[in-house]
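A.B. asks:
Numbering (mature numbering (1 follows the signal peptide of the UniProt record, and there is no 0)), first residue to last: -16 to -1, 1 to 162.
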């Protein structure tokens, strides 16, 4: 009897794990609510930037706050850059001259990208979360994370990067945080 009880105690956490279908279903719910909530130019390089990339924050607009849940990267041609290949992207060299034009074109480009953006049919369990992947034409372009209770996990670092950037849209934080 003791062994049976010990075995049940060991198996309880494994049985409490959510199925892949449940996690992917919740990822799909969050994915359908994602909207572009901000754009910013991020410098690449240490003390002197070698160039800049456009970062697009995707999130949900809840009353009083914006939560950046995912991030996409665009290069100087406004082409999407796959996750992990940012070092190979064509960088923007003079952001002060082209920032406004690129951000305006980027807003229009996001409408086109939004139609091609898909949620992958797989996810990866992490220690404290689940990671779901965003695809465009079969390439991983971004991800979103869900907690073990299937709540979306925002990335505060991305919001801090947005606020630090001299080139961003919306530029006024009063327009809804960012």
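C-beta: ideal position from N, C-alpha, C; glycine also. Just so you know, these numbers come straight off a predicted model, no measurement behind them.
#1: Quick one: does residue 45 have its CB under 7 Å from some CB of chain B?
#2: Quick check on the DSSP output: what are the complete alpha helix (DSSP H) runs of length 4 or more inside the segment 53 to 110, in order along the chain?
#3: So which of 13, 90, 122 and 137 has the shortest CA-CA distance to residue 110?
#4: If you pair each beta-carbon of the segment 36 to 45 with each one of the segment 64 to 79, do three or more pairs fall below 8 Å?
#5: State buried or exposed for residue 150, treating a residue as buried only when at least 16 other CB atoms are found within 10 Å of its CB.
#6: Taking 8 Å as the threshold, find out whether the segment 69 to 76 comes into contact with the segment 103 to 119 through three or more Cβ pairs.
#7: Under three-state DSSP, which class holds residue 112?
C.D. replies: On the basis of the supplied data:
#1: The structure shown contains no chain B; it holds only a single protein chain.
#2: 79 to 100
#3: If you number the chain shown from 1, residue 110 lands on position 126. For residue 110, the nearest C-alpha among the options comes from 137.
#4: yes
#5: As a working mapping, residue 150 is identified with position 166 in the chain shown. The residue is exposed, with fewer than 16 neighbouring Cβ atoms inside 10 Å.
#6: no
#7: On the chain shown, residue 112 is found 128 positions in, with the first residue counted as 1. Residue state, collapsed to three classes: coil.
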